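Remarks on the structure that follows.
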Amino acid sequence: MAEVINMPRLSDTMEEGTVAKWLKKVGDPVKEGDILAEIETDKATMEFESFHQGTLLYIGVQEGQSAAVDALLAIVGEKG
38 MAEVINMPRL SDTMEEGTVA KWLKKVGDPV KEGDILAEIE TDKATMEFES
88 FHQGTLLYIG VQEGQSAAVD ALLAIVGEKG
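Numbering (the working numbering), first residue to last: 38 to 117.
The following block contains the structure:
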């Protein structure tokens, strides 16, 4: 089953975040607790960890791009 990962709200004032760097790429295995990306907010750059296990199937926000809180960030699930 695929799990949709949305842009998290990392602070009370955060309205959007920028993906500074992806630490996984499409096709990489992902375990619960793995750091997927570094996300910049208006206040800091924070590591974003996975709460799901599987394979990174899709990246919806590329490095350097910004997205609103709750926008599609990535999809993790089983290959195929």
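All residues carry an ideal CB built from backbone N, CA and C; glycine is no exception. None of these values were measured; they are calculated from a predicted model.
query, result
"Do you know offhand how far D49's Cα is from G101's?", "22 Å"
"Can you tell me which residues form a DSSP beta bridge with G187?", "The displayed coordinates of the chain run from 38 to 117. Any statement about residue 187 would go beyond what the structure contains."
"Thinking C-beta only, is G54 closer than 8 Å to A104?", "yes"
"In or out: I72 buried (at least 16 other Cβ within 10 Å) or exposed?", "exposed"
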